[in-house]
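For the numbering used here, add 739 to where a residue sits in the sequence shown, where the first one is 1.
All remarks here apply to the structure that follows.
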Amino acid sequence: MSSNDITKAYIEAKVRLEKALKEASEYGEIVGFVSRFTPSKADESSHLIQFDVDPYQYFTKFESIATTGTYLAAVDVKSGYVVSLKVKGVERRDLMSEVGVPDTSGLTPKIDASGLITRARVKAEPLLIWNPETDEVKAATCVIEPQSPIIKPKPRILEKILGLPSEGVVLGSLTVAENVIEGAKVRLPLKAFYQHILVLGTTGSGKTTFMKNLITALLNMKEYTVKPVNMKPTVIVIDSTRDYVHMVLDRLWEETPNINLEFETKLAESVYGDIKPPDKITIIVPVTRMLTEKINEYCKEKNIVIRDSRQAFEILARYYFEVTYSRVISDILLGTVEDVKVRVVGHQPRRYVELKIKYSFKDRLREITVNIVPYAFKFTEVKGSELAELNPFLTSQARDQLPRIILALERHGIKVYTLKDLISILRESLRDRRGGRGGYEGRVSPSDIVYHELGIHRGTIENIVRNLGVLEDSGIFDVILGNEYVYEPDLYWLLETLRGGLIVIDLEFLREHTPILAGNVESIVALRILCRAFKWKILKYARRERTQPVIVVVDEAHRFFPAVGGGEGEYVVQVANMLASIARLGRARGLGIIFATHSPKDVHDIVLQLTNTKVIFRMDPALIDKLDLPSEYKRFIVKVSDRVAVVKSHILRLSYVTIKTPLPVVGHFDLSAI
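Spelled out as structure tokens, the structure:
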């Protein structure tokens, strides 16, 4: 190389170094430089760089620049590319070690702070490269030049160089281990919700807090525009524990033990801005015969005489308000209910009761709207194939034969008006297998129809009677409120009128008003609503009609989709097949499902297969193997603090990040306190 070439190379290198230093100062804070004493290499076996951090920077900012797992960046001198780095190791040496004093020197050095004034040597792994000129992000494969400045990047730059989505629903603040990186957010595009999400974590790990915050972010949609415009998502929550019905109420952080209120407030503002709880909620309230008995007792206590069905529906809504909201406002929020206005709207199956609730809290007045939608089944509306689909506990033979039985009975003039009628007729056929016309005025008897005409096996009839008996015992069929039957509400209409709204199915309320021996009727209601939402999407798609995104939240998912061995065999298979169809076909039609449960071993394997994004909070180490996490995250997740999670998603360029969700930005209460 000639001296002229050397001069040109020097000038070029000098210009590029100065440019890199200038750009580094714009992109973040310079904290060090790629080492001049250790080769910077990139080969197939390893790709690590070493950089030095001066003593003052190290002692004052070691947590953010010299901790294993920290995200930093290098501005490469030759290319100007910004390279994201992940710290893999830190080395510290005393001054005596630096100058080469051997251990065998015989010296007994005194404790002296001056010996600590040495540079920290940090090893880091390049992750991704960002080209500021083209805005392209790609894998880091080229060597980083010595003397390239190392920066602590600004939040927006960090999001860019880590390949995090720039728009979508905010999951939480990006963290390094448990340390929040202020201003850096992890988002998930809405399309990732259609590929379904699984949220895992032990009790108390922050799972429900995260879910509530995520739902609130979905409803606000501050940083993502859904196409077509003005079609915000509708969120349907299958609530097994009555955690979500209080989302319209104010948050109460002051009562949370062992928190730094200033830090938590700042975290919530940095993640969600001025996000507010929804001021409107629609609650689907299952109505059973046991509930109507309680309402009758309630009326006696209040000296109320029910005159008609509309008044009965109004009283139902008032009763629900008193058991669900009144005491929470007064005993937990320490607020005061100022006014409750009740209005019955529409006719069945599009009837609901509107509650306008005003309450004072912390010297301010707030008004919320709670729409109560009564929910029950009328046999004449769901008989036939719908009744067979409704009960997943039926065997495949029973599901096939049940519609045939009902049609054959009616064809022979045997009218069936209620579920109880059908069960009585089938029980009679079990008692009288020989057939005959006694009691049917010349008509064919049920046993003739079932055994001789249809040729159905006795075991199939027994399965039908047993499982329909469970439905009948639950009291959710053919329920009379006032002087009127309660019908299954028109969910199609509800979805069309509640674009951008929150719908909660209160299954805990159903459990409280169902006999203990009535079986798992909550599963039947939950799966029915999930199927109806899916069928609405299919119908609209076939008609080429645009619909809003629908996100279904299934809390306590193991109750509805248990692992093999965790429920009745054929039930498990049937609901798994049903879920697979809904999840796979729903993706292209704007239907997403968020599952939440404690352990991956509790839910069916199909849930793990269908969910392309997993959010994992603290859990027992024995339960983690099914999640296929890298070892560093396995060690981390078993001991992490509340509200910190690992996010595993195909949407993320690096596949994994850690996040922290703020305290609940909506009402979230310990109901054992009242």
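Even for Gly, the Cβ is constructed at its ideal location relative to N, Cα and C.
Remember, it's a predicted structure, so these values are computed and weren't measured experimentally.
Proximal residues to residue i (C-beta, below 8 Å), its chain only, five neighbours per side dropped
i       : result
Val1303 : Val1311, His1343 and Asp1344
Ile1415 : The structure shown does not extend to residue 1415, since the chain spans only 740 to 1413, so no value can be given for it.
Tyr1059 : Ile1022, Val1024, Ile1111 and Phe1248
Asn743  : none
Pro1131 : Ser1262, Ile1263, Leu1266, Tyr1310, Gln1313, Val1314 and Met1317
Asp1139 : Ala1127
Arg755  : Val816, Lys817 and Gly819
Residues near residue i by beta carbon distance below 6 Å, same chain, minus five either side
i       : result
Ile1023 : Val1112, Tyr1114 and Ile1244
Gly1194 : none
Thr777  : Gln789
Thr1397 : Thr914 and Val1385
Lys1019 : Thr1108
Leu988  : Gly1406
Gly828  : Lys862
Thr947  : Asp982
Phe1052 : Val1083 and Val1092
Ser1135 : none
Integer Cβ distance of residue i from residue j, believed to fall under 8 Å
i       : j       : result
Arg1105 : Val1404 : No, Arg1105 and Val1404 are not in contact; Cβ-Cβ is about 15 Å, not under 8 Å.
Val1092 : Val1081 : 6 Å
Leu939  : Gly907  : Going by Cβ atoms, the distance from Leu939 to Gly907 rounds to 21 Å, so no, they are not a contact pair.
Ala781  : Thr880  : 7 Å
Ala805  : Ala863  : At roughly 10 Å, the Cβ-Cβ gap does not stay under 8 Å, so Ala805 and Ala863 are not in contact.
Gln1287 : Pro972  : 6 Å
Lys1097 : Asp1078 : 4 Å
Leu1234 : Val1155 : Actually they are not in contact, since the Cβ atoms of Leu1234 and Val1155 sit about 31 Å apart, beyond 8 Å.
Pro794  : Leu855  : 7 Å
Val909  : Ala878  : With a Cβ gap of about 26 Å, Val909 and Ala878 do not count as contacting.
Lys1378 : Leu1366 : That belief does not hold up - the Cβ atoms of Lys1378 and Leu1366 are roughly 16 Å apart, past 8 Å.
Local Cβ density within 10 Å of residue i, reported as buried at 16 or more and exposed below that
i       : result
Ala1265 : buried
Ser730  : This structure cannot speak to residue 730, because the chain is shown only from 740 to 1413.
Arg1298 : buried
Glu1284 : exposed
Arg1057 : buried
Glu1036 : exposed
Ile1263 : buried
Thr1236 : exposed
Phe1375 : buried
Ser1168 : buried
Arg1170 : exposed
Ile1255 : exposed
Ile1145 : buried
Ile850  : exposed
Gly1239 : buried
Ser1186 : buried
Asp1294 : buried
Ile750  : exposed
Cβ neighbours of residue i in the same chain (closer than 7 Å, five flanking residues each side left out)
i       : result
Arg1028 : Gly1214 and Val1218
Val1346 : Leu937, Ala1296, Phe1300 and Phe1334
Asn952  : Thr1400, Pro1401, Pro1403 and Val1404
Thr995  : Leu1402
Trp1232 : Arg1089
His935  : Ala1322, Gly1331, Ile1332, Leu1349, Thr1350 and Asn1351
Ser1048 : Leu1220, Gly1221, Asn1222 and Glu1223
Gly1175 : With a pLDDT of 47 at Gly1175, under the threshold of 50, the modelled position of this residue cannot be trusted; read the value that follows with caution. Closer than 7 Å at Cβ, skipping near neighbours: Ser1184.
Ile1414 : This structure does not reach residue 1414, given that the chain is present from 740 up to 1413, and the question cannot be answered.
Gly945  : Phe1356, Asp1381, Arg1382 and Thr1400
Asn918  : Glu802
Lys1279 : Thr1286
Residue-level contact to chain D via CB, residue i, 8 Å cutoff
i       : result
Lys1279 : Any reference to chain D falls outside this structure, which holds one protein chain only.
For this session: Report yes or no: do three or more beta-carbon pairs, one from the stretch 888–895 and one from the stretch 761–772, lie closer than 8 Å?
Result: yes
Problem set entry | Start-end ranges of the beta strand (DSSP E) lying completely within the stretch 1198–1246, minimum 3 residues | 1241–1245
Problem set entry | Inter-stretch contact (C-beta, 8 Å, three-pair minimum) for the stretch 1363–1371 and the stretch 974–981 | no
Exercise. Should the stretch 1153–1168 be called in touch with the stretch 1197–1214, which here means at least 3 C-beta pairs below 8 Å?
Worked result: yes
Exercise. Which runs of the beta strand (DSSP E), 3 residues or longer, sit entirely within the stretch 933–1009?
Worked result: 936–939 and 973–978
Problem set entry | Every unbroken alpha helix (DSSP H) within the stretch 1114–1193, with a cutoff of 4 residues, ordered by chain | 1118–1121, 1124–1129, 1135–1150 and 1158–1170
For this session: Would you check if the stretch 1115–1129 and the stretch 1218–1230 touch, i.e. whether three or more CB-CB distances between them fall below 8 Å?
Result: yes
Problem set entry | Touch test, the stretch 894–903 against the stretch 804–821, Cβ-Cβ under 8 Å, three pairs minimum | yes
For this session: Starting from the N-terminal side, write out each stretch of the beta strand (DSSP E) that is 3 residues or longer and does not extend beyond the stretch 1282–1327.
Result: 1289–1293
Problem set entry | Touch test, the stretch 1092–1103 against the stretch 1000–1007, Cβ-Cβ under 8 Å, three pairs minimum | no
Exercise. If you scan the stretch 798–840 from start to end, which runs of the alpha helix (DSSP H) of 4 or more residues do you find wholly inside it?
Worked result: 834–837
Exercise. Residue ranges of each alpha helix (DSSP H) run of no fewer than 4 residues wholly in the stretch 1322–1408, ordered along the chain?
Worked result: 1344–1349 and 1370–1376
Exercise. For the stretch 883–922, which segments carrying the beta strand (DSSP E) assignment without a break, of at least 3 residues, lie completely within its bounds, in sequence order?
Worked result: 888–892 and 908–915
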